[in-house]
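Undergrad:
Numbering (UniProt numbering), first residue to last: 1 to 601.
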């Protein structure tokens, strides 16, 4: 009895779709559990999806954001063998959000498979794979390495699925002098039977979905091109099983020793993670009339989400919530080349904190540099320029000027109290500003609704530039002595702009917005772009944002300059091996300590 009460209590507050509201379901590509993502991985999926989810909450939409770790597949099993542990031990290091190694994943994955079997969308086929007699197992692509078969390359450590040197896609049986990555012995070619999803038979259903939804959901151009490239090239049956031990077992007597191939199983993780969140998961995933599905990923994941996953769901004949909108990024490269964990080149997720550069700066830089149309480049010099010029000199300067002036004692300022400001309609400068701000807010919303995040961020920063120009043109410091009524109007309008910027930038830099709210003496729940009816009009009248008589908090600088010597240090640190990084860290620490001793003496 006590357990039943506890279960009901746990379920309290879990979101379900609400009639009459926009119900938004957001997913970001599931990262492999044993991989440390670099900045390009982060901007392509998790960060972009997080921004859009925060925007949806600002608009009071009913939204859930689903993410997790992809724990099945060759990559995880290979890592486990290399480290002499079980795949589950690797996965247990990550328990902050969803995962694919759950009973819900097994149940839903096997249920979809059974429906596909019933509807005759699956076939059997014999294929050739490498088999290691020493390890007594078939070797999936990541378990094999050998010499690249392309004569112009001949790289001797090509992976079984792709040559890292020339970039060509491979099959394991194409490698010259193949080796088992576990025991280093030479494997043999054997026949093995597998199950295939008949994509050619599902093509008509798939094309109707793609043609309709790519328009209705404003798919990004790179997603459309990649998808039509697959269709134009001709769909082929796709293998959905693997000779592995780690994964969702195939519920078929003939294939009971196999598991589902990760491309088939991983996207179903979005569904199973939702099922872990709430037993009412079908209200989200089998409710296309009332739920909009938005998915975020890098360009290499497109066909899995626009062709294979929807084909599997369509093949069940059930009323699934199919993806409405897909947001895809190109590659973010690092300085003069590519990110490489093995070579220690580039900034990875675990490195960000070590730099002591605030999270809002990282988020801002990655989002202004988001590779939406073509590949973009991370450089330390560019990060420095954007921080010092756009964040410090533009945004931070505007907010600090306004709040510091209000905080000055009476006679010099307003004693931290927002002044009353009647007569706005008769003030031409303020009226002109409000028209510009109204247009910017509409453009911002339009960009965010179409998931054009970089454009929306640029628009929000333009409001900060308008605020600085407004302060300069009004010459408020002179008005304070010559025309206090006009000065009060400028100040109240400007502090309203500060609040508006706090709201508009919250999806992009939440920690920044929390700091500004504290300086405004407002609680976090005050963040909102609209009233309870969804109306945006109040955002277009900044002088009405905060009431006269409200006492603000203590103004403080929001951003710190990034100096040339710091940029040079970071550029050197993240340009080599981990050993090199450790040496550089120790060297810098010793220099810092020595400088401290010098100052003391």
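Cβ atoms here follow ideal geometry from the backbone N, Cα and C, with glycine treated the same way.
Once you ignore the five residues that flank residue 308 on each side, which residues in its own chain have a CB closer than 8 Å to its CB?
TA: Answer for residue 308: 197, 199, 238, 263, 264 and 267, listed in chain order.
Undergrad: Assuming the contact rule is C-beta atoms closer than 8 Å, residue 536 and residue 441 should be a hit. Round their C-beta distance to whole Å, please.
TA: Contact holds; Cβ gap of about 6 Å.
Undergrad: Based on Cα-Cα distance, which residue from 112, 433, 232 and 352 lies nearest to residue 472?
TA: Cα-wise, what sits closest to residue 472 is 433.
Undergrad: Can you list, in chain order, the residues of its chain whose CB lies under 8 Å from that of residue 14, leaving out five sequence neighbours each side?
TA: Excluding positions up to five away in sequence, the list reads 277, 278 and 280.
Undergrad: May I ask you to report which of helix, strand or coil DSSP gives residue 550?
TA: Coil, per DSSP.
Undergrad: Pull up the distance between the alpha-carbon of residue 97 and that of residue 30, whole angstroms please.
TA: Only weak support is given to the placement of residue 97: the predicted model assigns it a pLDDT of 46, under 50, and the question is left unresolved by the model.
Undergrad: What is the rounded straight-line gap between the Cα of residue 9 and the Cα of residue 284?
TA: Note on residue 9: pLDDT 33, under 50, position unreliable in the model; no value is reported.
Undergrad: Whole-angstrom Cβ separation of residue 426 and residue 500, contact assumed at under 8 Å?
TA: Wrong, their Cβ atoms sit about 22 Å apart, outside the cutoff.
Undergrad: Under 8 Å Cβ to Cβ from residue 150, same chain only, skipping five residues before and after it: list those, please.
TA: Same-chain partners within the cutoff: 163, 166 and 168.
Undergrad: Report the rounded CA-to-CA distance for residue 474 versus residue 207, giving the unit in angstroms.
TA: For residue 474 and residue 207, the distance between alpha carbons rounds to 58 Å.
Undergrad: For residue 223, which of 192, 295 and 273 has the nearest alpha-carbon?
TA: The candidate whose alpha carbon is nearest that of residue 223 is 295.
Undergrad: Taking 8 Å as the limit between beta carbons, can you name the residues of its chain near residue 209, skipping five residues before and five after?
TA: Once the five neighbours on either side are set aside, the close Cβ partners of residue 209 are 310, 314 and 322.
Undergrad: Pick from 502, 496, 538 and 553: whose alpha carbon is nearest that of residue 520?
TA: Of the listed residues, the one whose Cα sits closest to residue 520 is 553.
Undergrad: Look at the Cβ atom of residue 180, then the Cβ atom of residue 148, and state whether they are nearer than 8 Å.
TA: Not closer than 8 Å, so no.
Undergrad: Just grab the DSSP bridge partners of residue 38 for me.
TA: Paired residue(s): 348.
Undergrad: Comparing C-alpha positions only, which one of 228, 218 and 250 sits nearest to residue 106?
TA: Ranking the options by Cα distance to residue 106, first place goes to 250.
Undergrad: Just to confirm, are residue 466 and residue 431 a CB contact at a threshold of 8 Å?
TA: Their beta carbons are not under 8 Å apart, which means residue 466 does not touch residue 431 by this criterion.
Undergrad: I need the boundaries of the alpha helix (DSSP H) containing residue 467, first residue and last residue.
TA: Counting along the chain, the alpha helix (DSSP H) containing residue 467 begins and ends at 453-474.
Undergrad: If we ignore side chains and look at the alpha-carbon of each, how far apart do residue 131 and residue 173 end up?
TA: Spanning the two alpha carbons is a distance of roughly 10 Å.
Undergrad: Determine the direct distance from the alpha carbon of residue 572 to that of residue 119, and round the result to whole angstroms.
TA: Spanning the two alpha carbons is a distance of roughly 58 Å.
Undergrad: Would you say residue 27 and residue 67 are within 8 Å of each other, going by their C-beta atoms?
TA: Yes, they are a contact pair.
Undergrad: Exposed or buried, which one is residue 160 when buried takes at least 16 other CB atoms within 10 Å?
TA: The residue is buried, with at least 16 neighbouring Cβ atoms inside 10 Å.
Undergrad: Is the separation between the beta-carbon of residue 418 and that of residue 549 shorter than 8 Å?
TA: Yes, they are a contact pair.
Undergrad: Going straight from the alpha carbon of residue 240 to that of residue 512, what length do you get?
TA: Approximately 45 Å, taken between the alpha carbons.
Undergrad: Can you give the Cα-Cα distance for residue 19 and residue 290, rounded to whole angstroms?
TA: For residue 19 and residue 290, the distance between alpha carbons rounds to 7 Å.
Undergrad: Tell me the rounded alpha-carbon separation between residue 454 and residue 443.
TA: Their backbone Cα atoms lie some 12 Å apart in a straight line.
Undergrad: Terminal residues of the continuous beta strand (DSSP E) containing residue 196?
TA: That run of the beta strand (DSSP E) goes 188-197.
Undergrad: Rounded to whole angstroms, what is the Cα-Cα separation between residue 560 and residue 451?
TA: Approximately 30 Å, taken between the alpha carbons.
Undergrad: Check whether the segment 44-52 touches the segment 319-337, counting contact only when three or more Cβ pairs, one atom from each stretch, lie closer than 8 Å.
TA: Yes: the two stretches touch, three or more of their Cβ pairs being nearer than 8 Å.
Undergrad: Who are the near neighbours of residue 61 in its chain, counting only those whose CB is closer than 8 Å to its CB and skipping five residues on each side?
TA: Cβ within range, chain order: 21, 22, 23 and 24.
Undergrad: What first and last residue would you give for the beta strand (DSSP E) that runs through residue 498?
TA: Run containing residue 498: none in the beta strand (DSSP E); it sits in the alpha helix (DSSP H), 484-505.
Undergrad: Could you check the C-alpha separation between residue 17 and residue 57 for me, to the nearest Å?
TA: Taking the straight line joining both Cα atoms gives about 14 Å.
Undergrad: Could you check whether residue 351 and residue 574 sit closer than 8 Å to each other, using their CB atoms as the reference points?
TA: Cβ distance < 8 Å, so residue 574 and residue 351 count as in contact.
Undergrad: So, are the CB atoms of residue 195 and residue 121 less than 8 Å apart?
TA: Going by C-beta atoms, residue 195 is not nearer than 8 Å to residue 121.
Undergrad: My output table needs one value for residue 59: the three-state DSSP class, helix, strand or coil.
TA: Coil.
Undergrad: Of the choices 547, 445, 506 and 396, whose alpha-carbon is the least far from that of residue 555?
TA: When only C-alpha atoms are compared, the closest one is 396.
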